[in-house]
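Undergrad: For reference, the structure I am asking about is given below.
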Amino acid sequence: MMKLTVGLVAALAGFSSALQPTAQVYIIPAREASAAPPSLSPGLARLVLLQRLAAIGQGPSINDVPNDANTEDAVSAMTRFGKTSPVLFGGENNGEPSQLVMMLDEMTEQQMEDLGRAFDMKPAFTITDPPSSNAHEELVTVDFRIAGITDVNQCSLREIANPLEECWNGKQAAVAKYNANQDPDVLQQLPQRLAQLVQLAKSGELETTILLLPSTSNSKSWSDLPQELRRRQAEQVISSYDKAAASSTSAVPEKPIAFPSKMPIAACFNSKKSCMIATGNCSSHGSCLDRYASAEEDGKKKEACFACHCLSTKSESGKVTHWAGPSCAKADISVAFWLFVGFTVAMVGIVWLAIVMLFNVGEEPLPGVIGAGVSRSK
């Protein structure tokens, strides 16, 4: 009787675990996929998301490791599924890609299967016993807010898929959370944007993490820390950001400083504001103008294409500097270069002509009168 009871308990436990919903996490670009995606607890999955979204040196600490996991498991998960560390001596042009996290909540099992087939890839990992919708909202408004992540939920998928758009606010990381019941169009639009996301990942501009979260009645949270404690941390971080912004604003120098962007600058922007944000107002060396403001094609006005129109600046000493580049951050030295090249070519030509002239003079025979005057008399 005892053996029968133990067997029934084990069978019921296995059956209940099989019925537990699991969340699926896709990472673009896709890495080496195993036959069966590994499973992570919500706490470890939260660390992976924070590591991907946080700036270098500002990721989760050892205090964020959940109680149900050890430090080795946390480090292993972030190493395997987190973003890659930048090259130590990569230089300024070796900028890290932007990070985007998309959370699709309240999904049915059929919707997750259909979207997985549309992705045509295996999940990077799954999340066992994921929290409820309230916990997802708390993750975005509290945990991601502490890390200074931009919430782009109000933007369209076209804007979200471009880190240079205005809704990113010039940040390197963004998060968007959708409800499958309230935003059903997202399930149709996301597969259509997949090719663009893959291309951006290949070019090193944007990496995307997509969470398919099932509908569940679980009341657990993503973190072991109390919600009130994390909210106080968020308020402290936001207040420190405000103080830092105020101090930096008061210390802005009068002379504009050019700062070349670490990311490739797009050739065209849909609006003047997005152009100004992405290029730093053309590094204060120009202005964003619509290239096709007066152009028409087949009787219709062309789509807006805002780009930097670089100008020249004059220093107090009277020196004029011409600026160039997609963000007007590079000094145009083409005039000085061609003057130097022209002067060098002219000097080389003059020296060469002088040598040729002297050589030709030396090759000419002496006149007969000079030869007779120097001959010896017999």
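Residue numbers (mature numbering (1 follows the signal peptide of the UniProt record, and there is no 0)): -18 to -1, 1 to 360.
Just so it is clear, CB atoms sit at the ideal spot from N, CA and C, and this is done for glycine as well.
Can you list, in chain order, the residues of its chain with a C-beta nearer than 8 Å to that of residue 288? Leave out the 5 residues immediately preceding and following it.
TA: Indexing the sequence shown from 1 puts residue 288 at position 306. The answer, listed in chain order, is 250, 251, 252, 253, 254, 256, 257, 270, 271, 272, 273.
Undergrad: Is the segment 167 to 183 close to the segment 123 to 142, with three or more CB pairs under 8 Å?
TA: yes
Undergrad: If you compare alpha carbons, which of 128, 196, 292 is closest to residue 86?
TA: For this step, residue 86 is matched to residue 104 along the sequence shown. Of the listed residues, the one whose Cα sits closest to residue 86 is 196.
Undergrad: Is residue 275 helix, strand or coil by DSSP?
TA: What you label residue 275 is simply residue 293 of the sequence shown in a count that begins at 1. Correct three-state label for residue 275: coil.
Undergrad: Would you list the residues sitting across from residue 305 in a DSSP beta bridge?
TA: Taking the first residue of the sequence shown as position 1, residue 305 is located at position 323. Note: residue 305 is bridge-paired with 313 in the DSSP secondary-structure output.
Undergrad: Would residue 81 and residue 35 be called neighbours here (beta carbons separated by less than 8 Å)?
TA: Start at 1 with the first residue of the sequence shown, and residue 81 comes out as number 99. Start at 1 with the first residue of the sequence shown, and residue 35 comes out as number 53. Yes, these two residues count as a Cβ contact at 8 Å.
Undergrad: Contact defined as beta carbons within less than 8 Å: I believe residue 189 pairs with residue 11. What is the distance between those atoms, to the nearest angstrom?
TA: Reading the sequence shown from its first residue, position 207 is the one you call residue 189. Reading the sequence shown from its first residue, position 29 is the one you call residue 11. So it is a contact: roughly 7 Å between Cβ atoms.
Undergrad: Cα separation between residue 110 and residue 8?
TA: Position 128 of the sequence shown, counted from the start, is the residue given in the question as residue 110. Position 26 of the sequence shown, counted from the start, is the residue given in the question as residue 8. One C-alpha to the other measures close to 15 Å.
Undergrad: Within 10 angstroms of the Cβ of residue 166, are there 16 or more other Cβ atoms? Answer buried if so, exposed if not.
TA: As a first step, residue 166 is located in the sequence shown; it is residue number 184 there, counting from the start. With fewer than 16 other Cβ atoms within 10 Å, it is exposed.
Undergrad: Could you pull the start and end residues of the beta strand (DSSP E) that residue 189 belongs to?
TA: Taking the first residue of the sequence shown as position 1, residue 189 is located at position 207. That run of the beta strand (DSSP E) goes 188 to 196.
Undergrad: Can you say whether residue 319 is buried or exposed, counting buried as having 16 or more other CB atoms within 10 angstroms of its CB?
TA: Numbered from 1 along the sequence shown, position 337 holds the residue referred to as residue 319. It is exposed - the Cβ of residue 319 has fewer than 16 other Cβ atoms within 10 Å.
Undergrad: Quick check: is any heavy atom of the ligand SAH less than 7 Å from the C-beta of residue 166?
TA: Annotation note on the ligand SAH: not contained in the displayed structure, which lists no ligands.
Undergrad: Measuring only the C-alpha atoms, how far is residue 301 from residue 267?
TA: Here residue 301 is taken as the residue at index 319 of the sequence shown, counted from 1. Here residue 267 is taken as the residue at index 285 of the sequence shown, counted from 1. Near 15 Å, if we compare the C-alpha coordinates of residue 267 and residue 301.
Undergrad: Which of helix, strand or coil does DSSP assign to residue 118?
TA: As a first step, residue 118 must be located in the sequence shown, where it is residue number 136. If DSSP states are grouped into helix, strand and coil, residue 118 belongs with the helices.
Undergrad: Assess contact between the segment 108 to 126 and the segment 23 to 35, defined as three or more Cβ pairs (one per stretch) separated by less than 8 Å. Is contact present?
TA: Enough Cβ pairs lie closer than 8 Å, so yes.
Undergrad: What span of residues does the beta strand (DSSP E) with residue 161 cover, start to end?
TA: In the sequence shown, counting from the first residue as 1, residue 161 sits at position 179. Element bounds for residue 161: 155 to 161.
Undergrad: With a threshold of 16 other CB atoms inside 10 Å of the CB of residue 329, please say whether the residue is buried or exposed.
TA: If you number the sequence shown from 1, residue 329 lands on position 347. With fewer than 16 Cβ atoms within 10 Å of its Cβ, residue 329 is classed as exposed.
Undergrad: Measuring straight from C-alpha to C-alpha, what distance separates residue 119 and residue 185?
TA: Indexing the sequence shown from 1 puts residue 119 at position 137. Indexing the sequence shown from 1 puts residue 185 at position 203. Rounded to whole angstroms, residue 119 to residue 185 spans 32 Å at the Cα level.
Undergrad: Compute the beta-carbon to beta-carbon distance between residue 132 and residue 104, rounded to the nearest angstrom, for a pair I have assumed lies under 8 Å.
TA: Here residue 132 corresponds to residue number 150 of the sequence shown, with the count starting at 1. Here residue 104 corresponds to residue number 122 of the sequence shown, with the count starting at 1. At roughly 29 Å, the Cβ-Cβ gap does not stay under 8 Å, so residue 132 and residue 104 are not in contact.
Undergrad: Please name the residue in 24, 107, 64 whose C-alpha comes closest to that of residue 363.
TA: Past the boundaries of the shown model lies residue 363; the chain is included only from -18 to 360, so the question cannot be answered.
Undergrad: Among 199, 145, 298, 201, whose alpha-carbon lies nearest the alpha-carbon of residue 260?
TA: Within the sequence shown, numbered from 1, the residue matching residue 260 stands at position 278. The residue with the shortest Cα to Cα distance from residue 260 is 145.
Undergrad: Would you decide whether residue -9 is buried or exposed? Buried here means 16 or more other CB atoms lie within 10 Å of its CB.
TA: Mapped onto the sequence shown, residue -9 falls at position 10. The predicted model places residue -9 with a pLDDT of 46, which falls under 50 and marks its position as unreliable; any figure quoted below should be read in that light. Residue burial annotation: residue -9 is exposed, with fewer than 16 other C-beta atoms found within 10 angstroms of its C-beta.
Undergrad: Distance, Cα to Cα, residue 275 vs residue 290?
TA: For the purposes of this step, residue 275 is taken as residue 293 along the sequence shown, with counting starting at 1. For the purposes of this step, residue 290 is taken as residue 308 along the sequence shown, with counting starting at 1. The straight-line gap from Cα to Cα measures roughly 14 Å.
Undergrad: Can you list, in chain order, the residues of its chain whose CB lies under 6 Å from that of residue 222, leaving out five sequence neighbours each side?
TA: Sequence index remark: in the sequence shown, residue 222 carries index 240 (1-based). In this predicted model, residue 222 has a pLDDT of only 45, less than 50, meaning its place in the structure is not dependable enough to derive any value.
Undergrad: Would you decide whether residue 265 is buried or exposed? Buried here means 16 or more other CB atoms lie within 10 Å of its CB.
TA: Here residue 265 refers to the residue found at position 283 when the sequence shown is read from its first residue. Buried, because 16 or more other Cβ atoms sit within 10 Å of the Cβ of residue 265.
Undergrad: What residues in its chain sit with their C-beta under 6 Å from that of residue 175, if we drop five residues either side in the sequence?
TA: Translated into the one-based positions of the sequence shown, residue 175 becomes position 193. The beta carbon of residue 175 is closer than 6 Å to those of 139, 143 in its chain, skipping five residues each way along the sequence.
Undergrad: Roughly how far, in whole angstroms, is the beta-carbon of residue 47 from the beta-carbon of residue 56, given that I think they are within contact range, below 8 Å?
TA: Stepping through the sequence shown from its first residue, residue 47 is reached at position 65. Stepping through the sequence shown from its first residue, residue 56 is reached at position 74. Residue 47 to residue 56, Cβ: 5 Å. Contact.
Undergrad: According to DSSP, residue 6 sits in a beta bridge with which residue or residues?
TA: Here residue 6 is taken as the residue at index 24 of the sequence shown, counted from 1. In the DSSP output, where bridge partners are listed per residue, residue 6 has 108, 194.
Undergrad: Tell me whether residue 103 sits in a helix, a strand or coil according to DSSP, three-state version.
TA: Mapped onto the sequence shown, residue 103 falls at position 121. DSSP places residue 103 in coil when its eight states are reduced to three.
Undergrad: Between 51, 203, 313, which has its C-alpha nearest residue 305's C-alpha?
TA: What you label residue 305 is simply residue 323 of the sequence shown in a count that begins at 1. For residue 305, the nearest C-alpha among the options comes from 313.
Undergrad: Using beta-carbon positions only, say whether residue 97 and residue 194 come within less than 8 Å of one another.
TA: On the sequence shown, residue 97 is found 115 positions in, with the first residue counted as 1. On the sequence shown, residue 194 is found 212 positions in, with the first residue counted as 1. Contact: yes.
Undergrad: Evaluate residue 83 with the Cβ neighbour count: other Cβ atoms within 10 Å of its Cβ, from every protein chain shown; 16 or more gives buried, anything less gives exposed.
TA: The residue you call residue 83 lines up with position 101 of the sequence shown. Counting Cβ neighbours within 10 Å, residue 83 comes out buried, since at least 16 surround it.
Undergrad: How should residue 341 be labelled, buried or exposed, when 16 other C-beta atoms within 10 angstroms of its C-beta is the threshold for buried?
TA: Start at 1 with the first residue of the sequence shown, and residue 341 comes out as number 359. It counts as exposed.
Undergrad: Using the Cα positions of residue 45 and residue 293, report the straight-line distance between them to the nearest angstrom.
TA: Within the sequence shown, residue 45 is the residue found at index 63, counting from 1. Within the sequence shown, residue 293 is the residue found at index 311, counting from 1. Answer to the nearest angstrom: the Cα atoms are 51 Å apart.
Undergrad: By DSSP's criteria, residue 288 is part of a beta bridge. Which residues make up the other side?
TA: The residue you call residue 288 lines up with position 306 of the sequence shown. Note: residue 288 sits in a beta bridge opposite 251, 272.
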